[in-house]
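Participant:
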Amino acid sequence: MKLTSVTLVAACLLIVTIPGGAVQATPESKSLDSVIAAIKKQFAKKAYVRSKNGTYIWKSPSTVGKWINWQNLAGAIWGQDLINGINPGFLKLGASHAATSADGGTFEGVKTTLHSGTVTVPKLDERQAWMYFGTDEEDGSWGGPITWKLWAGPDNLPRRFHAIMRFTPKHGGRKAATMTMNIIYRGWGRTRQDHGPAPAPHHRRLVIADPTRT
Numbered sequence: 001m002k003l004t005s006v007t008l009v010a011a012c013l014l015i016v017t018i019p020g021g022a023v024q025a026t027p028e029s030k031s032l033d034s035v036i037a038a039i040k041k042q043f044a045k046k047a048y049v050r051s052k053n054g055t056y057i058w059k060s061p062s063t064v065g066k067w068i069n070w071q072n073l074a075g076a077i078w079g080q081d082l083i084n085g086i087n088p089g090f091l092k093l094g095a096s097h098a099a100t101s102a103d104g105g106t107f108e109g110v111k112t113t114l115h116s117g118t119v120t121v122p123k124l125d126e127r128q129a130w131m132y133f134g135t136d137e138e139d140g141s142w143g144g145p146i147t148w149k150l151w152a153g154p155d156n157l158p159r160r161f162h163a164i165m166r167f168t169p170k171h172g173g174r175k176a177a178t179m180t181m182n183i184i185y186r187g188w189g190r191t192r193q194d195h196g197p198a199p200a201p202h203h204r205r206l207v208i209a210d211p212t213r214t
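Residue numbers (the UniProt record's numbering): 1 to 214.
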């Protein structure tokens, strides 16, 4: 991954359409495990692209098709190694490294629990789908600490995710770099009709806003 000393600031709005009915109920808890469980319930059987151990499978057509194996989609689609507050793979990594939970105050009118921690990984990199981590040592890769915070609502679903990644080269001669990520999640449980006309009923929209990097 090529990193320079130039400061970059990026902001974008990503809308993910999620099929299904109401938000799945999850017992209140202040543990990060409950957040992981709530996310899995929310997205269970709703994705037609999945990944595990570097192999990506998808349905074609997405509703009735058979699962097909493929291994060259890592650059463009979601994977368990993406650094994101709705990725169970990253949250499991955080939970295994002394994550803490505390009162997170109110965010956008919702009472939250703040989960936070720091985890150091041997690989930090970027692909089309966004920033990702690796847990295996690779010669020449960049690694470093990820200091993260996740605000979850009473339903244990994420409302905001903030992460600071410190890219440290394995060998001398290159300077370390820092990236800050700020993601806001909105629209849990809303129907497509809440946002105006839609081509099909009974869809929810999850809004992921403002990933910023420096």
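Ideal Cβ placement from N, Cα and C applies to all residues, glycine included. As the structure is a prediction and not an experimental result, all values here were calculated from the model.
1. With H, G and I counted as helix, E and B as strand and the rest as coil, what does DSSP make of V6?
2. Report the option in T180, G134 and G172 whose CA atom is closest to the CA atom of W148.
3. Take D33 and list the residues in its own chain whose beta-carbon comes closer than 7 angstroms to its own, dropping the five residues that flank it on each side.
4. Please classify T106 as buried or exposed, where buried requires at least 16 neighbouring CB atoms within 10 angstroms.
5. According to DSSP, which residues form a beta bridge with P147?
6. What first and last residue would you give for the beta strand (DSSP E) that runs through S101?
7. In chain order, what residues of the same chain have a beta carbon less than 7 angstroms from the beta carbon of T168, not counting five sequence neighbours either side?
8. Restricting to Cα atoms, I'd like to know which of V119, D136, I39 and H115 is closest to P88.
9. By how many angstroms is the C-alpha of V35 removed from the C-alpha of L157?
10. Hey, L91 and W130: beta-carbon distance below 7 angstroms or not?
11. Around the Cβ of T112, are there at least 16 other Cβ atoms within 10 angstroms (buried) or fewer (exposed)?
12. According to the Cβ coordinates, are I184 and M165 closer than 7 angstroms?
13. What did DSSP end up calling P169 once you bin it into helix, strand or coil?
14. Exposed or buried, what is G109 when buried is set at 16 or more other beta-carbons lying within 10 Å of its beta-carbon?
Facilitator: In brief:
1. Any answer about V6 is weak, because its pLDDT of 26 lies below 50 and its placement is not dependable; what the coordinates show is given next. It is coil, neither helix nor strand.
2. T180
3. The beta carbon of D33 lies closer than 7 angstroms to those of A95 in the same chain, with the five residues before and after it left out.
4. exposed
5. What sits at residue 147 in the sequence shown is Thr, not Pro. Looking at the DSSP assignment, T147 forms a beta bridge with T118 and I164.
6. T100 to F107
7. W142, G143, G144 and A176
8. I39
9. 6 angstroms
10. no
11. buried
12. No. Outside cutoff.
13. Note: P169 maps to strand in three-state DSSP.
14. Exposed, since its Cβ has fewer than 16 Cβ neighbours within 10 Å.
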